[in-house]
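Visitor:
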Amino acid sequence: MRTLSRYLAKEVAVSSSLLLGALLVLFALLDLVRELGIVGYANYRMGTVLTFVALNMPGHVYELLPLALLIGTIFTFTQLALHSEYTVMRASGASFARIGRAILGTGLLFAVTTFVFGEFVAPFSERIAQQMRFKALAGFVVQQFRSGLWVKDGSTFINVRQVLTDNTLVDVRIMQFDEDYRLRSLKFAKQGVYQGPNRWRLNNVKETRIDGGRATTYQAAFADWQSELNPDILGVLLVDPQKMSALNLWSYVKHLRENRQKATRYEIALWGKFIYPLAAVVMMILALPFAALQRRTGGIGVRMLAGIMLGLAFHLVSRLFAHAGQLNDWPPFFAAAAPSVVFLGIAAGMIWWVERR
């Protein structure tokens, strides 16, 4: 059994790694073609484009590993069936369960790799890539709406026209309300520089305070501003939730909850950080029935295509549940876990059907 496990693990790992490499090359070319259209704009040069494409690769690894494992496992068992090796395994008494256990270690290894890329590598490289791109194109990082970035911090509403790549705030408006949401003060600042834990230094400040129906205006060259807003929270807005680390997602979800804002999108992404890596194991189990369906001659392309379509369907269903969960306020865990559970059920049904033949 150990010899069989090592042999199958090696074959699946090699095939999946080669397919992952091919998929990464394809996605890198697609990224490059997309970016070539704006080469030369502002300071966006070819070297910056190539660096941007390279920094996007860890994110693609995270997204494509389960698909590569599905196709790689199907390809491996296809080859085993063509050379009658799979027939020998089954004739020797190896059931689907035993073969599944034999390659389970490889699936878990790919799952851990997926988690590592999704938690540590991709979020960091994605943030660096976006900062570099925005700096080259426009010199600033975030501009959510025409009026800039809006953030709610307790009873304070903050509007920032621009956030520079060094997290400096440009054209800051701070609106302070009381418990009944009556405006108490309105502060304008030309610039805000982060000084330390929860503290900003505002430059060229003009403040209007409202007290008892009277408005009083003050001006100052500098002013300190205490706020829970920090560069980590600003950095969250640069990266798609699916590419953020679990730690940053948890921090941002906590921030939204404290300010009574809807956090469903980020809660679904947070659960997905722990559930999505297990999709590697689900994809491997889904590939097992294809081995029994293979013939010694013919039908290989059809089976491979079916596997690819299943992998794409998994990604589409995952996105569908994420968006549907956000729109309908489904429990975040359900929205994140449902696609994996559905496809695990499909895999179990296919295995049962093959075993009954």
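Residue numbers 1125 to 1481, in the numbering used here, belong to the letters of the sequence shown in order. We put the CB at the ideal spot given by N, CA and C, even for glycine. Because the structure is a prediction, the values reported are computed rather than measured.
1. Grab the span of the alpha helix (DSSP H) containing E1331 for me, first residue to last.
2. In whole angstroms, what separates the C-alpha of A1472 from that of K1134?
3. From which residue to which residue does the alpha helix (DSSP H) around R1338 run?
4. Whole angstroms is fine: what's the gap from M1487's alpha carbon to I1475's?
5. Quick check on G1316: does DSSP put it in helix, strand or coil?
6. Counting C-beta neighbours from all protein chains within 10 Å, is the total for R1384 16 or more, i.e. buried, or is it exposed?
7. Per DSSP, K1311 is paired with what?
8. Can you grab the Cα-Cα spacing for the pair A1437 / A1462, in whole Å?
9. Going straight from the alpha carbon of T1202 to that of L1194, what length do you get?
10. May I have the straight-line CA-CA distance separating D1364 from H1184, to the nearest angstrom?
11. Per the DSSP calculation, N1283 is bridged to which residue(s)?
12. Three-state secondary structure (DSSP) at L1353?
13. Please go through the stretch 1169-1220 and give each complete alpha helix (DSSP H) segment of 4 or more residues, from N-terminal end onward.
14. Roughly how many whole angstroms lie between the Cα atoms of R1222 and S1140?
15. Give me the Cβ distance between D1295 and K1314, rounded to the nearest whole Å; I'm assuming they're in contact under 8 Å.
16. Tell me which same chain residues have a C-beta within less than 6 Å of the C-beta of I1282, skipping the five on either side of it?
17. Please identify the residue among I1432, P1401, F1467, G1431 whose C-alpha is closest to the C-alpha of E1243.
18. Counting beta carbon pairs with one atom in the stretch 1172-1189 and one in the stretch 1205-1221, are three or more of them shorter than 8 Å?
19. Take R1285 and list the residues in its own chain whose beta-carbon comes closer than 7 Å to its own, dropping the five residues that flank it on each side.
20. Just tell me which of G1217, L1144, L1132, R1257 has its CA closest to the CA of L1160.
21. In the DSSP assignment, what are the bridge partners of L1394?
22. What's the gap between the Cα of R1427 and the Cα of N1322?
23. Just to confirm my understanding: we take R1126, look at its own chain, exclude 5 residues before and 5 after, and list those with CB closer than 8 Å. What are they?
24. In whole angstroms, give me the CA-to-CA distance for N1180 and S1249.
25. Is E1331 closer than 9 Å to A1347 when the C-beta atoms are compared?
26. Do F1414 and A1430 have their C-beta atoms closer together than 9 Å?
27. Exposed or buried, which one is H1447 when buried takes at least 16 other CB atoms within 10 Å?
28. Are the CB atoms of L1326 and W1349 within a distance shorter than 9 Å?
29. Thinking just about the alpha-carbon of each residue, which of S1351, L1142, V1240, G1196 is nearest to the one in G1278?
30. Per DSSP, what kind of secondary structure is R1384 in: helix, strand or coil?
31. Would you grab the beta carbon distance between G1359 and A1460 for me? Rounded to a whole angstrom, and I think it's under 8 Å.
Guide: Taking the structure as given:
1. First-last for E1331: 1323-1335, but that is the beta strand (DSSP E), not the alpha helix (DSSP H).
2. 24 Å
3. Unbroken run through R1338 is the beta strand (DSSP E), 1338-1350; no alpha helix (DSSP H).
4. Past the boundaries of the shown model lies residue 1487; the chain is included only from 1125 to 1481, so the question cannot be answered.
5. strand
6. exposed
7. I1298, E1331
8. 13 Å
9. 12 Å
10. 13 Å
11. W1274, R1297
12. coil
13. 1170-1206, 1209-1215
14. 21 Å
15. 7 Å
16. V1275, I1298
17. P1401
18. no
19. G1272, V1294, D1295
20. R1257
21. Answer by DSSP bridge pairing: none, since L1394 is not bridged.
22. 57 Å
23. none
24. 7 Å
25. yes
26. yes
27. exposed
28. yes
29. S1351
30. coil
31. That pair is no contact at about 23 Å.
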